[in-house]
Amino acid sequence: MHPLLHTKDNIGCEDLMNALEECHARGFLWKAIGMCSDTKKQLIDCLKVERAKSQTANRTSVEDKKARIRAKWKEIDENS
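Taking this note's numbering, the leading residue of the sequence shown gets 9, the next gets one more, and so forth.
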């Protein structure tokens with residue numbers, strides 16, 4: 009599994025990551041005949057949800073920061 013997937017941001021998907029690693033450890037033929045496809049699809053869906061949560065949190069943080077900056081500039085303009 010890619011090292012970046014094992015971060016604190018993807019804790020909700022850790023079980024699926026481990027299941028996919030175990031499935032891949034069974035060997036090439038197991039993967040080649042599609043025995044890991046369902047687990048991989050579930051992991052992809054889980055990671056999408058985690059990414060959406062992260063994006064929402066980041067967007068909110070940026071909007072708050074921009075609002076604080078606008079307030080500071082407004083205060084500076086009023087005091088000038």
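Don't be surprised by glycine CBs; every beta carbon is placed ideally from N, CA and C.
### Query
Looking at C54 and C21, is the spacing between their C-beta atoms short of 8 Å?
Here the question's residue 21 lines up with position 13 in the sequence shown. Here the question's residue 54 lines up with position 46 in the sequence shown. In contact: C21 and C54 (Cβ atoms closer than 8 Å).
### Query
In three-state terms, what does DSSP make of I52?
Residue numbering aside, residue 52 sits at position 44 when the sequence shown is read from its first letter. Helix, per DSSP.
### Task
Excluding the 5 residues preceding and the 5 following V57 in the sequence, name in chain order all residues of the same chain whose CB lies nearer than 7 Å to its CB.
Stepping through the sequence shown from its first residue, residue 57 is reached at position 49. Within the same chain, V57 has no close Cβ partners at all.
### Query
Do you know how far the Cα of I77 is from the Cα of A40?
Position 32 of the sequence shown, counted from the first residue, corresponds to residue 40. Position 69 of the sequence shown, counted from the first residue, corresponds to residue 77. Near 54 Å, if we compare the C-alpha coordinates of I77 and A40.
### Task
Please list, in chain order, all residues of the same chain as K82 whose beta carbon is under 8 Å from its beta carbon, the five residues on each side excluded.
If you number the sequence shown from 1, residue 82 lands on position 74. Here the set comprises nothing.
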